[in-house]
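Data first, discussion second: the structure below is written as structure tokens.
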Amino acid sequence: MEKISISNNEKNINLYIYKDTNGNTVTDSHSGVCIIMKEELQKRVSTVNTHKGRVLAIELHFKKIHLLIINIYIPANNQKKEQIETCYKQIETLTNSHLSKPNAHIILLGDFNVQPCKQDRKNNTWKARIYSILKMASMVNAIKQHHDRHLPTHAPAATKEFTSAIDHIYTTQNLIDHSYYASTATIDPHLHFNTDHKCLQYTEGTKNYLAFHRLEYADAVLNSSHTSSIQAIETKWTILKKSILAAKAQYILTYNLKTTNRNNTPLPIRQKENMILQIHHALLNFSIKKIIHRMAMENEQSQNTTIDNIPLEKWQAYWNIWPLIRKTLYKANNLFDKIIFNHLPLSITQSNYTQTKRSIKQGLLMAKEIKQAAIAKHDITNINFHILNRNNNLENNQRKMINSLLDRKPRHIRLDRLLIPASDDLNEIILTRDPKLIEQHSIQHFQLLGSPSKEELTQSIKTLLDTQYDCVLEEITNDEILSTFKSLPNHKAPGISGITYEDLKQVHPNIIQYTTDLFNLCLRTSSIPRDWKKALLFPIPKPKEWGSDINNTRPIILLEMLRKCFVKILTTRLHAILSQQHFLQPNNRAGLLGESTYQPLQHLHHAIEMAKKYKKEIWIGVQDLSKAYDRINISLLRLAMERLRIPQTIIELILQMFTDRTNRIILHNDNISDPYQVMQGIDQGEVVSPLLWIIYYDPLFARINSLRELAFTVELQQIKNIWNPAADQKVSYSTTVQSYLDDTTWVAPSLTHMKTLLEISNEFYELANIQINKDKYRLLTNNKLYVGKEIELTLGTELTKVKINKKKEGVRILGVYIDAFNSPSPTLKKLRQTVVLFANTLRRKKLTHNHIIYITNKVLMPILEYRNQFQVFTIEQCNFIMAPIKKLFKQSLHLPRSTPDALIHHYLLPSINNFFYNQMYSHIAMTQLLFNTPLLNPIAMTQMLTTQYEFWLPHFPTHNDLTKLKSTKLVTTFLSKLLIYFNNFNIVFTPIYDTTITGGRTPLLFHIPNITKSDVSSLQNKCLIFLDQIISNDSSFLLTLPEMKQMAQKNWKGAPPNWLKIKMGPQLISKIRNIAGFGNQLRLVIRKPANNSQTRK
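Listed below in structure tokens is the structure:
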């Protein structure tokens, strides 16, 4: 190994040279290979192997990766066959040995001195064995992978033209999947050496191909003649676009993808199939019907013709083709590597006809058996190959592994056929394959998706709040653009210009500065380049089968990447303002910073739980809007933004993006339709679209939230002092509508209120040209008179029959299954179905236990946790849910089904997560979020009071309280159940509000043995919470019921309660006296309430 230093831009770089010059200087003077690598790679070198100056192998070790680099130089002289065969054997040994290691990668490069083309391999069959060795190692040619052919690398001395492809780079499949490009390059002839070869280039990963590229102005320099800001924007955009594309074209070599589909069936099997067809065709010539039919055509009186009475001349004329057939049949012996046809006659006579036919039939059956065996062997090899790739993907490409295991395949549509109305009868639907008609109807469909409303908006909406947007109007900095570029995802489809996110990540600092100037010019002038208003539309299928119906598709808009970056910066600034200041309604904040689906779901679950707890009627309408973004009215959007006092500069800039714009549809075979004018709406793929939607939708929420009388309301009395009812404070919670983007959920206390809410919303929908998806509308209620029945509701402008869900029939809202009776059955059923689906999908795969661990812990568990946000299940229920996966996991480890679950959940062993514990971790995080989110304070307060009153304690339950009450069956609410479970793990939540009730010292609840829900209900009705309320002032005896009434100044009716008549016995009196302190001369002093104390009702 030698070390050299070179200087690059005043920076010294250390290079290390590994070489093999051990060849025989007499008989092999042209031998010698070397590998040069940087210091970063040299530190990873573990072993170096050489072979007579012809093969140099260096093994590098990375974290979880073993990389082998092999450089070869095969002798050009075919007379050195023994030496070449020795090199091949060395290469085969190195590759096979390395591939036996986990996560093995190989790069093999060098001068093969034999072409891969058929003609050269035919002349040098033994020498071309190197390609068979590489094929058996599942290695692919990097040059051919990125081009449609082998690129020439050698110029023979006779022609001095590059015509031979003898220099190659081969890599394993897992490397080629991450390669950026590979090509050839001509070596500079002015160097200190001459060569008749080209240089091979191979780039692994993403190359910083714009790192040294200077911004080229391409004869278009801004000068004083550009007085118009619009012209300046267009000029800057043109320069920027052409500079990026020019640099990309210079440093990234393009290649043409092959248009032909590869046949996955190996050539030997296809050859066997073709030979079987030829054998079958030969056997048809022996058909008696065919022979007699041929003779009947030549002789009209041949109705009684048989094989035996055919004239010899005609027989011989018919069998003139037999020599060719016989030759073809003998070829089958070589193809099938077995003698299946032996001793076939030189000619077919009437005497050997039957025996020859029988021999061909037997040979045909034997050939089919050999072909089936070859197919079975190929299938096993193919399966093992994909299993090996799947095992490697567990470490290198988890997404690909997950898609393979769960049979997730991308769904596409082909616009090569379309259902359209007939020209003569519009009610009749016909299927057409005419490209012009398909293009015409596709444009018509997508152009009219969001047609503007008939009524223009002229009346302004009143401004609710005033605010400052100074930070939004500040100039964009280079740091903002750099951070935005770094956060961009990879592998996203570009816009019309072809500039991708990967291109923007690699641009030169000069381009960053030029981009900053362009963005700031757009911000100051509220204008954008014309190209930013041009986009491509790619239709994708909805979850159901599209069936050649354009209505079953949804449009995806491919916008310019630089436009998306510019809009992303503005959106981030607007988010910072609208998230901190509560200008938007609290029930319409989807997509803002810190907001998620948890907030609307928590409101909905809380309303259902309170309705069940306090026996209130509740109605829930689940609504989905059709083509929401495409139907946004631009005039109303302007008024909605003005209502929030967004600066006029930003409003004009945003509206510029959605006016006077054109789209082009990507049709079949990557054909592009003619551009068409977009009539209305905003783009589905735009970054700012979700924010614009909630701004557009917010006036409706402001109107609904102002109508408090229509809301579903729960009111609680927070008791401050047990003797002073006047000090109680009212705590209320109300909700009317919850929304997450275009998913809206209406909540009402009665059917009449629900209809009123829908009438108000319909006025806004008609004004804003919004349509309700009536097929997806669902209605829930806990009123048993309506459950399972149909009612009529006005949805939009039409009266529609809506079926109310049955009891325990959950409806899916934002991925969570909920019913109006707060039953856990829909969630339990869906969780079980999800696990069974995963288990059935994985059961058909050849998996290791590591695959099941990854799929269960990383994919299945998050799905179950999300769907189980508002239910808590016991250990037995969790085991029931996870039973199919646990059974599959035990099978993968060859464990008996009776293996204890503690083993498969133990962290020291290969294990899957315990769903019960995962459920607890998730609920702990969600409970913390509930009590620390300001917008959820009303829910937190009512849940705290409900939980405290459910246990009927003078304070929020503590660790000791929960330990005493965990065996009781008093809890019914979600938070109460969670607190019992959390207490078992020694997790205690400290309340953020003071809910302490004064007026006594000792809670009565703990001194009633075997307390039940009816006992607690009796205590709540009588407002008895302290022991001090039922004993005498000197704590010497228990008060009678009349004395309790007199002390509380109440007249309770009915018989004495059960807890007083039966459970308050002598033992309890003795216990009370001990608590009072008679044993150590301590007394409990209770101040008797004054005569003017108020009566608690």
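Position 118 of the sequence shown, counted from 1, bears residue number 118 in UniProt numbering, the numbering being contiguous throughout. Where is the CB? At the ideal position from N, CA and C, for every residue including glycine.
Can you give me the Cβ contacts of residue i inside the same chain, cut-off strictly under 6 angstroms, excluding the 5 residues immediately before and after it?
i, result
"residue 1098", "One cannot answer for residue 1098 here, as it falls past the ends of the chain, which runs 1 to 1097."
"TYR817", "GLY810, PRO826, THR827 and LYS830"
As a quick exercise: from the options, pick the residue whose alpha carbon is nearest that of residue i.
i, options, result
"PRO345", "GLN355, LEU785, TRP693 and LYS338", "GLN355"
"SER31", "THR477, PRO116 and THR21", "THR21"
"LEU536", "GLU617, GLN447, GLN623 and TYR817", "GLN447"
"ASN769", "SER164, ILE632, PHE1006 and ASP742", "ILE632"
"VAL55", "GLY810, ARG645, SER46 and THR95", "THR95"
"GLN372", "GLN250, ILE230 and GLN271", "GLN271"
"VAL859", "TYR469, GLN398, GLU790 and LYS613", "GLN398"
"ALA137", "PRO934, GLN602, THR171 and ARG703", "THR171"
"ASN333", "LYS89, LYS776 and MET275", "MET275"
"LYS28", "LYS38, TRP1052 and GLU82", "Before going further, note that residue 28 is Asp rather than Lys in the sequence given. That would be GLU82, whose Cα lies nearest to the Cα of ASP28."
"ASP961", "THR947, THR159, THR973 and HIS280", "THR947"
"LYS720", "PHE485, TYR949, SER750 and GLN250", "TYR949"
"ILE279", "LYS368, ALA902 and ILE307", "LYS368"
Please list, in chain order, all residues of the same chain as residue i whose beta carbon is under 7 angstroms from its beta carbon, the five residues on each side excluded.
i, result
"LEU578", "LEU584 and LEU592"
"ASP660", "LYS533"
"ASP743", "ASP624 and LEU814"
Label residue i either buried or exposed according to how many other C-beta atoms from any shown protein chain fall within 10 Å of its C-beta, with 16 as the threshold for buried.
i, result
"HIS98", "buried"
"TYR18", "buried"
"GLU439", "buried"
"ASN983", "buried"
"GLU502", "buried"
"HIS213", "With a pLDDT of 35 at HIS213, under the threshold of 50, the modelled position of that residue is not reliable, and the figure given next carries that caveat. HIS213 is buried by the Cβ-count criterion."
"ILE420", "buried"
"residue 1098", "The structure shown does not extend to residue 1098, since the chain is modelled only from 1 through 1097, so no value can be given for it."
"ASP683", "buried"
"ALA157", "exposed"
"TYR696", "buried"
"PHE385", "exposed"
"GLY495", "buried"
Start and end of the alpha helix (DSSP H) containing residue i?
i, result
"residue 1099", "Shown here, the chain extends from 1 to 1097; a query on residue 1099 therefore has no answer."
"THR356", "353–396"
"HIS66", "Careful: HIS66 lies outside any alpha helix (DSSP H), inside the beta strand (DSSP E) at 65–73."
"residue 1098", "Within the shown structure, residues of the chain are numbered from 1 to 1097, placing residue 1098 beyond reach of any answer."
"GLU792", "Note, GLU792: premise wrong, no alpha helix (DSSP H); beta strand (DSSP E) at 790–795."
"PRO509", "509–525"
Beta strand (DSSP E) containing residue i: first to last residue?
i, result
"MET139", "139–141"
"GLU59", "55–62"
"ILE35", "33–38"
"GLU798", "798–803"
"ASP20", "11–20"
"PRO541", "534–541"
"ASP743", "743–748"
"ALA104", "104–111"
"ASP624", "619–626"
"PHE712", "712–718"
"TYR993", "It is not in any beta strand (DSSP E) - TYR993 carries neither H nor E in the DSSP assignment."
Which residues in the same chain as residue i place their Cβ atom closer than 8 angstroms to its Cβ, once the five residues preceding and following it in sequence are excluded?
i, result
"THR186", "LYS198 and CYS199"
"GLU2", "TYR16, ILE17 and LYS19"
"residue 1106", "The question about residue 1106 has no answer here: the residues shown for the chain are numbered 1 through 1097."
"PHE1026", "ILE722, PRO954, GLY999, GLY1000, ARG1001, THR1002, PRO1003 and LEU1004"
"TYR672", "Looking at the sequence itself, residue 672 is Ile, so the reference to Tyr does not match. The answer, listed in chain order, is LEU536, ARG664, ILE665 and ILE666."
"ASP674", "GLU439, ILE443 and ARG664"
For my contact list, residue i and residue j are in at a C-beta cut-off of 8 angstroms; report their separation, rounded to the angstrom.
i, j, result
"HIS147", "ILE166", "With 8 angstroms as the limit, HIS147 and ILE166 do not qualify as a contact, their Cβ atoms being about 16 angstroms apart."
"ILE325", "MET366", "Wrong, their Cβ atoms sit about 17 angstroms apart, outside the cutoff."
"ILE233", "PRO647", "That belief does not hold up - the Cβ atoms of ILE233 and PRO647 are roughly 19 angstroms apart, past 8 angstroms."
"ILE69", "PRO75", "Incorrect: roughly 21 angstroms between the Cβ atoms, too far for contact."
"SER734", "ALA711", "4 angstroms"
"LEU1024", "LEU1041", "About 11 angstroms; that fails the 8 angstroms criterion."
Just to confirm, does residue i get its C-beta within under 7 angstroms of one of the non-hydrogen atoms of the ligand NAD?
i, result
"PRO323", "This structure lacks the ligand NAD, and indeed carries no ligand of any kind."
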